[in-house]
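Asks: The opening residue of the sequence shown carries number 9 in this note's numbering; numbering runs sequentially from there. So that we are looking at the same thing, I have put the structure below in structure tokens.
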Amino acid sequence: MNYRIGLDLGIASVGWAILEDDNKGNPKRIVKLGSRIFDVAENPKDGSSLALNRREARNTRRRLRRRNHRIKRTKNLLEKYNIITIKEIENMYATYKFQFNPYELRVKGLDEKLTNSELARVLISFVKRRGYKSNSKAEEMGKLLVATKENEILMKEKNYRTIGEMYLKDEKFKIQMPDGRVLFKVRNTTDEYKNTPLRKLLLDEIKQ
């Protein structure tokens, strides 16, 4: 006798049925069916998934793994074209022998030639935070898309040559500290995306 099993999987139940088939594989009769009900795997306080923490941790690991892979490929590329060796790069970061931060170097490089070590620092900085790119129509009205569009408009209005120059010089990205120091903020916080550039703008800057 030939059988087949059908399952209906839900978030709080599993429906099942056992069917008997004829010799040609067509359903003949229902042998047995039923369902199993269980508690929804969510936090009763806020309805969030019990797997949320694991999923977020997994996404973080995946994001870091991809970023480290991009950095490794960039180092290999720099060494391949005899710009700087991987050993020299690692020594540079290990000893923190940096005359400028990468944003200052990005602006400096628009007007004068960077040294090989400076170029390496800039390119590695780019691949660490490579900007936003999406083909998802559902996200077009989101905060992130609004922020990136505002930054693109700001660049054109104030004639900044690159996104890096805008970050370093515009008041929008500066913070007045209690001790009087002025710092520039280029990192996002939770639910804030004003420092997110479009990836195409970063590609334009690398070419410049």
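For glycine and all other residues, C-beta sits at the position ideal for the given N, C-alpha and C. Keep in mind the model is a prediction, meaning the values are calculated, not measured.
Comparing C-alpha positions only, which one of P35, G18, R63, L41 sits nearest to A25?
Replies: Of the candidates P35, G18, R63, L41, the one whose C-alpha sits nearest the C-alpha of A25 is L41.
Asks: Would you report the Cα separation of L206 and I91, rounded to the nearest angstrom?
Replies: 27 Å
Asks: When you compare each of N203, K193, K95, T170 to K116 by their alpha carbons, which one comes out closest?
Replies: T170
Asks: Just to confirm the assignment: which complete alpha helix (DSSP H) runs, minimum length 4, are found wholly within the region 33 to 105?
Replies: Whole alpha helix (DSSP H) segments, 4+ residues: 60 to 88, 94 to 103.
Asks: Quick check: the Cα distance between L122 and L162, rounded to an integer number of angstroms?
Replies: 27 Å
Asks: Spatial neighbours of I94 within its chain, please: C-beta separation below 6 Å, excluding the five flanking residues on both sides.
Replies: Annotation for I94: K83, E87 place their beta carbon closer than 6 Å to its own, counting only its chain and skipping 5 residues before and after.
Asks: In angstroms, rounded to a whole number, what distance separates the CA positions of L27 and S43?
Replies: 15 Å
Asks: So what's D16 in DSSP terms, helix, strand or just coil?
Replies: Three-state result, D16: strand.
Asks: Whole angstroms are fine: how far does the CA of Y168 sit from the CA of Y201?
Replies: 20 Å
Asks: Tell me, which residues are paired with A25 by DSSP?
Replies: G14, L41
Asks: Taking the straight line between their C-alpha atoms, what separation do you get for R75 and I38?
Replies: 53 Å
Asks: With a CB to CB cut of under 6 Å and the five nearest residues on each side skipped, what residues in its chain are close to D119?
Replies: Answer for D119: no residue qualifies.
Asks: Output the distance between the C-alpha atoms of I45 and P35, rounded to the nearest integer angstrom.
Replies: Taking the straight line joining both Cα atoms gives about 26 Å.
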